[in-house]
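A short write-up of the structure that comes next.
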Ligand SMILES: NC(=O)c1ccc[n+]([C@@H]2O[C@H](COP(=O)([O-])OP(=O)(O)OC[C@H]3O[C@@H](n4cnc5c(N)ncnc54)[C@H](OP(=O)(O)O)[C@@H]3O)[C@@H](O)[C@H]2O)c1
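Here it is in structure tokens:
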């Protein structure tokens, strides 16, 4: 991105939502440099005000002409797939690079799917002017899988997820809050989430899997540039407010000596934190991972049922590393270029 020494102008689309609000927080925390900021949402929130970087901003309604004449360099989108489908190309045509949080563009061959710790170089090949942020449950898994792939090769991955209600936005959080109060309200889900585990995230497909499960399969292949890895997933919504937990089973191509070797490999990865001392009840927990940008791994153990492989537990804040923070890290890559 050629800024000729000036700070970028930025836009946040979906600025009033859960991810949009976290964009504002993360941009402030990381002192992301910008000249002008434009905050967009639907007609419902237009005219309301929000605080951002010490100023009050008026939310503008997103329309076909929203990006015209504003010289927006980076547009962070988190307003759902339909909004991204229609408006991301308009933002790109007006000169912005879009970093999109929806699933709309993720599998487009001309749209890179980027986790900055894993495939940062892909961010610079975005012929449509759109970069996709992967699915939250995929992002956190990529950070530990990449060093395993590079070191041992990977034959197969089995994901079993325990996903927080924040992954469904403000609606999901409300359903759990209402459930705790004794009201079985089902706005985000087909069943009450309080006291339940729902093996159902996003809609069911003809093959019996959910869209969320197939996102994990397809996005793993795309981000790791390797279609040969066997990947399967069962994704489950659990009554946890924030941070997704995942059990990940990995079968390697090559042997490894010890679990300590894996711990050392993980410990050397920026953004990855090993919490693995079961004797002292130390392992990654959703409540500890909430409000942080790191990915946490623990319960690392050899899978004795195969020749070479491990099981581990992986936790990250789905709204931050799984969405807003990953997108802001991508924007940081762009302005550093
Ligand atoms: N929550 C997560 O952990 C997570 C993780 C990864 C990706 N995502 C993705 O991020 C996106 C937003 O998720 P969220 O959890 O932040 O949802 P949310 O809390 O429901 O917020 C949705 C946002 O989109 C805006 N919006 C809706 N329709 C719009 C339209 N037609 N034009 C402009 N703005 C519109 C809303 O504005 P109003 O206030 O005006 O309604 C609101 O700001 C989704 O695509 C989701 O799949 C979410």
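Residue numbers (the working numbering): 112 to 448.
Just so it is clear, CB atoms sit at the ideal spot from N, CA and C, and this is done for glycine as well.
All figures in this text were calculated on a predicted structure; none of them were measured in a lab.
Asked, Found
"Could you check what DSSP says for residue 425 in three-state terms: helix, strand or coil?", "strand"
"How many angstroms separate the CA atom of residue 293 from the CA atom of residue 214?", "33 Å"
"Between the C-alpha atoms of residue 177 and residue 183, what's the straight-line distance to the nearest angstrom?", "10 Å"
"Flag residue 142 as yes when its Cβ comes closer than 7 Å to any non-hydrogen atom of ligand 1, and as no otherwise.", "no"
"Would you call the region 371-379 and the region 291-306 touching, i.e. three or more CB-CB distances under 8 Å?", "no"
"May I ask you to report which of helix, strand or coil DSSP gives residue 198?", "helix"
"Taking residue 411 as part of the alpha helix (DSSP H), name the residues at either end of that continuous run.", "Premise fails: residue 411 lies in the beta strand (DSSP E), 406-413, not in any alpha helix (DSSP H)."
"On a Cα-Cα basis, can you pick out the residue from 186, 350, 141 that is closest to residue 243?", "186"
"Assuming residue 124 contacts residue 145 (C-beta within less than 8 Å), just tell me the rounded distance between them.", "With a Cβ gap of about 15 Å, residue 124 and residue 145 do not count as contacting."
"Pull up the distance between the alpha-carbon of residue 417 and that of residue 324, whole angstroms please.", "24 Å"
"Here's a check: name, in chain order, each residue in its chain whose Cβ is nearer than 8 Å to the Cβ of residue 357, leaving out the five neighbours to either side.", "248, 251, 252, 270, 271, 272, 273, 424, 425, 426"
"Give the C-beta separation of residue 430 and residue 194 to the nearest angstrom, bearing in mind that I take them to be a contact with Cβ-Cβ under 8 Å.", "Not really, about 18 Å apart at Cβ, beyond 8 Å."
"Can at least three beta-carbon pairs, one atom from the region 228-246 and one from the region 332-346, be found at a separation below 8 Å?", "yes"
"Closest to residue 113 by C-alpha separation, out of 147, 261, 208, would be which residue?", "208"
"Here's the rule I'm using: 16 or more other beta-carbon atoms within 10 Å means buried, otherwise exposed. How should residue 217 be labelled?", "buried"
"Of the choices 312, 258, 263, whose alpha-carbon is the least far from that of residue 283?", "312"
"Considering residue 160, what are the terminal residues of the beta strand (DSSP E) in which it resides?", "160-163"
"Exposed or buried, which one is residue 147 when buried takes at least 16 other CB atoms within 10 Å?", "exposed"
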